[in-house]
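Inspection log for the structure reproduced underneath, given as structure tokens.
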Amino acid sequence: MFKHLPKLADAAKAIARDCNCDTGCAKCLIQHGCPDGNTALLKQLGLLLLNAIATPDV
């Protein structure tokens with residue numbers, strides 16, 4: 586899995602970036618088993634973290 590993590594992050598980033606929600610939703614960002622029901626989703630933070638993990642732009 587770690588070998589493919591940048592590719593997985595690329596796919597997740599595309600899903601979150603192209604979603605029309607403002608703050609994150611079950612369609613683009615979700616933490617399974619979240620005790621708060623994902624009420625504190627932060628889409629911009631998620632995209633920032635995915636950018637850090639994703640394949641670098643060449």
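To convert a position in the sequence shown, counted from 1, into the working numbering, add 585. Glycine included, each C-beta is placed from N, C-alpha and C at the ideal position.
Backbone CA spacing between residue i and residue j [nearest angstrom]
| i | j | result |
| --- | --- | --- |
| PRO620 | LEU626 | 12 Å |
| LEU614 | LYS588 | 22 Å |
| ILE638 | HIS617 | 20 Å |
Beta-carbon contacts of residue i that lie in its chain and below 8 Å, excluding the five residues immediately before and after
| i | result |
| --- | --- |
| LEU633 | none |
| THR640 | PRO591, LYS592, ALA594, ASP595 |
| LEU630 | none |
Residues of its chain near residue i, where Cβ-Cβ distance is below 6 Å and the 5 sequence neighbours each way are ignored
| i | result |
| --- | --- |
| ASP603 | none |
Interface flag, residue i vs chain B, CB-CB below 8 Å
| i | result |
| --- | --- |
| ALA625 | Checking the listed chains, one finds no chain B in this structure; it contains a single protein chain. |
Exposure label - residue i; buried when at least 16 CB within 10 Å
| i | result |
| --- | --- |
| LEU635 | buried |
| ALA611 | exposed |
| GLY609 | buried |
| ALA599 | exposed |
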